[in-house]
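In terms of the working numbering, the sequence shown opens at residue 54 and continues consecutively. Glycine is no exception: its CB is placed at the ideal position from the N, C-alpha and C atoms.
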Amino acid sequence: MSFWLRPTTADIGLRAFSSSPERLLIEAAKGMQSIMLSKKGETSVASGIRKTGVWNLTGVEEGDWERWLVLFLQEVLYKSEVENMWFVDGAIKITDAGMEIVVSWIEGDDIELEVEIKAVTMHELLVQQVPAGIAMNSPWPEVPSFEGPGWVGDVVFDI
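Listed below in structure tokens is the structure:
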């Protein structure tokens, strides 16, 4: 696991760590999905038949990882709510045309949810590279500190 729930005043916050910004977005999406699942839903995801596909996103300037994070998480929410595609895993590639995500997903019909995430917010949004040997200390006891090299991200969800 490379994501942890973190305290926030009214909604649900998440901190994720990874070795690259692309993988950080994937970890944040997995964390967001885990927030919504019930125990029964977790079992359904683990046993579901995986399908693959490619999702494409545009409209963000190169290197603006915070905007990419929000856009990608919004897409994951949209796909699950509207198109019944429950995101399981993926690989991200940034191209001249935008973001290309090769995704693994399952049908969302039988997935029991416990929490509804209404929106991905910009509140306390962070995507930051952590250089080698530098520690990013956590202000929350529930979340471990992180030592670079790597990337850290914080996002808050409206529930």
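Within this structure, are the beta carbons of residue i and residue j separated by less than 8 Å?
i, j, result
"Met85", "Val168", "no"
"Gly206", "Leu179", "yes"
"Gly106", "Ile164", "no"
"Phe70", "Ser87", "no"
So what does DSSP say about residue i, is it helix, strand or coil?
i, result
"Ile79", "helix"
"Met138", "strand"
"Lys93", "helix"
"Met54", "Its pLDDT being 49, under 50, Met54 is placed unreliably in this model, and the coordinates cannot settle the point."
"Arg68", "strand"
"Met175", "coil"
"Arg103", "coil"
"Ile88", "helix"
"Val156", "strand"
"Glu195", "coil"
"Glu128", "helix"
"Glu119", "helix"
Looking only at DSSP bridge pairs, what is residue i linked to?
i, result
"Asp207", "Arg68 and Leu179"
Task: Cβ pair count under 8 Å reaching 3, the segment 182 to 192 against the segment 139 to 154 - done: no
Open item on the list: Taking 8 Å as the cut-off, does the segment 127 to 137 touch the segment 57 to 68 (at least 3 CB pairs, one atom from each stretch)?
Closed with: no
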